[in-house]
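**Student:** Take this structure, written in structure tokens, and hold onto it; I'll ask about it next.
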Amino acid sequence: MIIGEGKPIKEILAMIEDHSKILLAGCRGCVTVCCAGGEKEVGILSAAVSLARENQGKPIDIKEVSLERQCDPEYLEEIRSMVEDYEAILSIACGAGVQFLAETYRKTLIYPGINTNFIGVTQEQGVWTERCQSCGDCKLHLTGGICPITRCAKSLLNGPCGGSATGKCEVNPETDCGWQMIYDRFKELGCLDQMEVIIPINDWTTSRDGGPRKIIREDLKL
Amino acid sequence: MTSDSHLEKMLEQGEFAVTSECGPPRGADAEVIKKKGELLKGTVDAINVTDNQTSVVRMSSFSSCILLKQMGIDATLQMVTRDRNRIAIQSDILGAAALGINNILCLSGDHQKFGDHATAKNVYDMDSVHLIQTVKHMRDEGKFLGGDELKGVPKLFIGAAANPFADPFESRVVRLAKKVAAGVQFIQTQCIFNLERFGQWMQLVRDRGLHEKVYILGGVTPMKSVGMANYMKKMVPGMDVPDELIARIKGVEKDKRAEEGVKIAIETIQQLKEMEGVRGVHIMAIEWEEMVPRIAQEAGLLPRPQVA
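In structure tokens form, the structure reads like this:
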């Protein structure tokens, strides 16, 4: 899923300081699961902003909503009737949701209430870690199911580099070395000879380097 | 011969090679490089210039190599894939060859996190194995990676690094094998402080016959002080500095510790000369270039043989 985390309250307050009536929109998708932008976080953020504004002597009217998803047009439509009544929308969906709101409601100011960080997993309760950089050309079959583009700080396709020590990355002693993990996995699977294969220079056109990406499924179009 | 490299010639004729390196200045003062060049000229067969090592911005390796070249020194252009994509890399390879640089050392580079511009975006369009392939492809196929023909091929002697001390240990030789398969011709290793582990690595290298496919130059760095030894042990990724070595330097009086470091470096070179498959040494005297002639002299590496 997409992992995000709330922006510092100070930054949010600065964004909306000129507004006195806003819509605070959560999302029931990924950001609910990673506890960054769901219904619960809408309530918490709303209370925090209201309190801060009262303390500043500039109370603010906040309408709380939580959409099923902010990345689908049909759910964005659900708030159309109320959008006009507010000066701005503070969205705590991921960056895709925030932008889709902005595209849908062109006359309303849209502010992001969270930072969108990565595509990852719930490592354990309260801990999320990155797994995928959506390069658009999955190579996991070549690397024992561990992505070197994501898990290696240098995205090396033929690692490990000389900075790998005791299983950790040179960039951060808390971070596992992606290529050590690949090596260990190959070893467990009894296919260490896979380490010998040169993975060729990458074609990044399927990644962000080809510009914003688009997928069209003719079989699904209406 | 694949190039006009003096270093390649020395190695090809079976001489025990000596290389060194210098870090470029943090400014536009050409004199710094010239001074280092003067200190090393005649003592070594080629001089590497580091490419923004530890991600601290310095004068470019490329221009520093040109300064050395103008002094009649065979320069080795270090190139990291951290800061350039394949367009810039190929362009620089052509420029370097056109200006008479004969050697290139293909590296992935230290992560920008370590440097003075930690907020930078890195590139890593390719890794060091790909960089080796790229130079070889341009030189031997006469083509760009994109497939178009080159008008004038870059005749470069292709090098890379190997770190026998990083983990996982068994994978280090595998990575060397990949670099050899990619077309690397010479290897300069990480600084050797743990000769026992280096010996184990060389054994694995010989078991695979890699020592017959690539010239291996052992990396040697004299320790100036206990502080430097501790710093390298703790702060430099992938560096293996045994406690015994630190204890040995600590064991002598403070004003004799640099001398002890030099002695250790000389002993290391003497042991490397005896090791099967080691074809030379790469002396990295970090901001201590003036010590290289003495180390080379006392290790029995001077005068450098004249090869035709």
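The listed protein sequences derive, respectively, from chains A and B.
Numbering-wise, this note's numbering puts 26 at position 26 of the first sequence, and it's gapless, one number per residue.
Numbering-wise, this note's numbering puts 1016 at position 16 of the second sequence, and it's gapless, one number per residue.
The beta-carbon is built from N, C-alpha and C at its ideal position, and this holds for glycine as well.
Quantities reported herein were computed from a predicted structural model and do not represent experimental measurements.
For PHE1169(B), name the three-state secondary structure that DSSP assigns.
**Tutor:** Within the second sequence, the letter at position 169 stands for residue 1169(B). Helix at PHE1169(B).
**Student:** Do GLY1219(B) and VAL1281(B) have their C-beta atoms closer together than 9 Å?
**Tutor:** Here residue 1219(B) is taken as the residue at index 219 of the second sequence, counted from 1. Here residue 1281(B) is taken as the residue at index 281 of the second sequence, counted from 1. Yes, the pair counts as a contact, with Cβ atoms nearer than the cut-off.
**Student:** Return the residues of the region 160-179 of chain A that lie within a Cβ-Cβ distance of less than 9 Å from chain B, sorted by chain order.
**Tutor:** So the list reads PRO160, CYS161, GLY162, GLY163, SER164, ALA165, THR166, GLY167, LYS168, CYS169, GLU170, VAL171, ASN172, CYS177, TRP179, given in the order they occur along the chain.
**Student:** Please report whether the beta-carbon of PRO1168(B) lies at a distance below 9 Å from any beta-carbon of chain A.
**Tutor:** Reading the second sequence from its first residue, position 168 is the one you call residue 1168(B). Chain A contact via Cβ: present.
**Student:** DSSP state of TRP1288(B), grouped into three classes?
**Tutor:** Taking the second sequence and counting its residues from 1, the one referred to as residue 1288(B) is at position 288. Of the three classes helix, strand and coil, the one that applies to TRP1288(B) here is coil, per DSSP.
**Student:** Name, please, each residue of chain A whose Cβ falls closer than 7 Å to the Cβ of SER1171(B).
**Tutor:** Translated into positions along the second sequence, residue 1171(B) becomes position 171. Within chain A, the residues near SER1171(B) are PRO160, TYR183, MET195.
**Student:** Roughly how many angstroms separate the alpha carbons of CYS1065(B) and ILE1269(B), rounded to a whole number?
**Tutor:** By 1-based counting over the second sequence, the position of residue 1065(B) is 65. By 1-based counting over the second sequence, the position of residue 1269(B) is 269. Taking the straight line from one Cα to the other gives about 26 Å.
**Student:** Based on DSSP bridge pairs, tell me the residues matched to SER91(A).
**Tutor:** The residue labelled residue 91(A) in the question sits at position 91 within the first sequence. DSSP lists ALA25(A), PRO112(A) as partners of SER91(A).
**Student:** If we ignore side chains and look at the alpha-carbon of each, how far apart do ALA1265(B) and ILE1249(B) end up?
**Tutor:** Working through the second sequence from its first residue, we reach residue 1265(B) at position 265. Working through the second sequence from its first residue, we reach residue 1249(B) at position 249. If you take the alpha carbons of ALA1265(B) and ILE1249(B), they lie about 12 Å apart.
**Student:** Can you check the region 1184-1225 of chain B for any alpha helix (DSSP H) of at least 4 residues that lies completely inside it and give the ranges in chain order?
**Tutor:** Within the region 1184-1225 of chain B, the complete alpha helix (DSSP H) runs of at least 4 residues are 1195-1207.
**Student:** So ILE89(A) and ILE22(A) are in contact, right, with Cβ under 8 Å, and what is the actual spacing, rounded?
**Tutor:** Against the first sequence, residue 89(A) aligns to sequence position 89. Against the first sequence, residue 22(A) aligns to sequence position 22. ILE89(A) to ILE22(A), Cβ: 7 Å. Contact.
**Student:** Enumerate in chain order the residues of its own chain whose CB-to-CB distance from MET1284(B) is below 8 Å, with the five nearest sequence positions on each side excluded.
**Tutor:** Here residue 1284(B) refers to the residue found at position 284 when the second sequence is read from its first residue. For MET1284(B), where only same-chain residues beyond five positions count, the Cβ hits under 8 Å are SER1020, GLU1021, CYS1191, GLY1219, VAL1220, THR1221.
**Student:** Residues of chain B with CB under 7 Å from SER155(A), in chain order?
**Tutor:** On the first sequence, position 155 is the one that residue 155(A) refers to. For the C-beta of SER155(A), the chain B residues within less than 7 Å are, from N- to C-terminus, TYR1124.
**Student:** For the structure I just gave you, are there three or more beta carbon pairs, one from the region 154-163 of chain A and one from the region 1098-1118 of chain B, closer than 8 Å?
**Tutor:** Three or more Cβ pairs drawn from the region 154-163 of chain A and the region 1098-1118 of chain B lie within less than 8 Å of each other, which places the two stretches in contact.
**Student:** For a cutoff of 9 Å on Cβ pairs, would you count LEU192(A) as touching chain B?
**Tutor:** Taking the first residue of the first sequence as 1, we reach residue 192(A) at position 192. So yes, LEU192(A) belongs to the interface.
**Student:** Measuring CB to CB, does MET82(A) end up less than 9 Å from LYS107(A)?
**Tutor:** Start at 1 with the first residue of the first sequence, and residue 82(A) comes out as number 82. Start at 1 with the first residue of the first sequence, and residue 107(A) comes out as number 107. Going by beta carbons, MET82(A) and LYS107(A) fall outside the 9 Å limit.
**Student:** Rounded to whole angstroms, how far is the Cβ of THR1189(B) from the Cβ of ASN1163(B), which I believe are closer than 8 Å?
**Tutor:** In the second sequence, counting from the first residue as 1, residue 1189(B) sits at position 189. In the second sequence, counting from the first residue as 1, residue 1163(B) sits at position 163. Going by Cβ atoms, the distance from THR1189(B) to ASN1163(B) rounds to 7 Å, so yes, they are a contact pair.
**Student:** Which partner residues does GLU1141(B) have in the DSSP bridge list?
**Tutor:** Your numbering for residue 1141(B) matches position 141 in the second sequence. According to DSSP, GLU1141(B) bridges with nothing at all.
**Student:** I need the boundaries of the beta strand (DSSP E) containing THR1076(B), first residue and last residue.
**Tutor:** Taking the second sequence and counting its residues from 1, the one referred to as residue 1076(B) is at position 76. Taken as a continuous stretch (DSSP letters only), the beta strand (DSSP E) holding THR1076(B) covers 1075-1080.
**Student:** Find the residues of chain A that neighbour PRO1237(B), judging by a C-beta separation of less than 7 Å, and give them in chain order.
**Tutor:** In the second sequence, counting from the first residue as 1, residue 1237(B) sits at position 237. The contacting residues are GLY163, ALA165, GLU170.
**Student:** In chain A, which residues lie with their C-beta within 8 Å of the C-beta of SER1108(B)?
**Tutor:** For the purposes of this step, residue 1108(B) is taken as the residue at position 108 of the second sequence. Under the 8 Å cutoff, chain A gives LYS154, LEU156, CYS161.
**Student:** Just the Cα atoms here: how many angstroms apart are LEU1099(B) and ASN1085(B)?
**Tutor:** Mapped onto the second sequence, residue 1099(B) falls at position 99. Mapped onto the second sequence, residue 1085(B) falls at position 85. Taking the straight line from one Cα to the other gives about 21 Å.
**Student:** Quick check on ASP966(B) - is its C-beta less than 9 Å from some C-beta in chain A?
**Tutor:** For chain B, the structure presents residues 1001 to 1308; residue 966(B) sits outside this window and is missing.
**Student:** Which same chain residues, not among the five before or five after ILE1132(B), have their C-beta less than 8 Å away from its C-beta?
**Tutor:** By one-based count along the second sequence, residue 1132(B) stands at place 132. So the qualifying residues of the chain are CYS1106, ILE1158, ALA1160, LYS1179, ALA1182, GLY1183, VAL1184.
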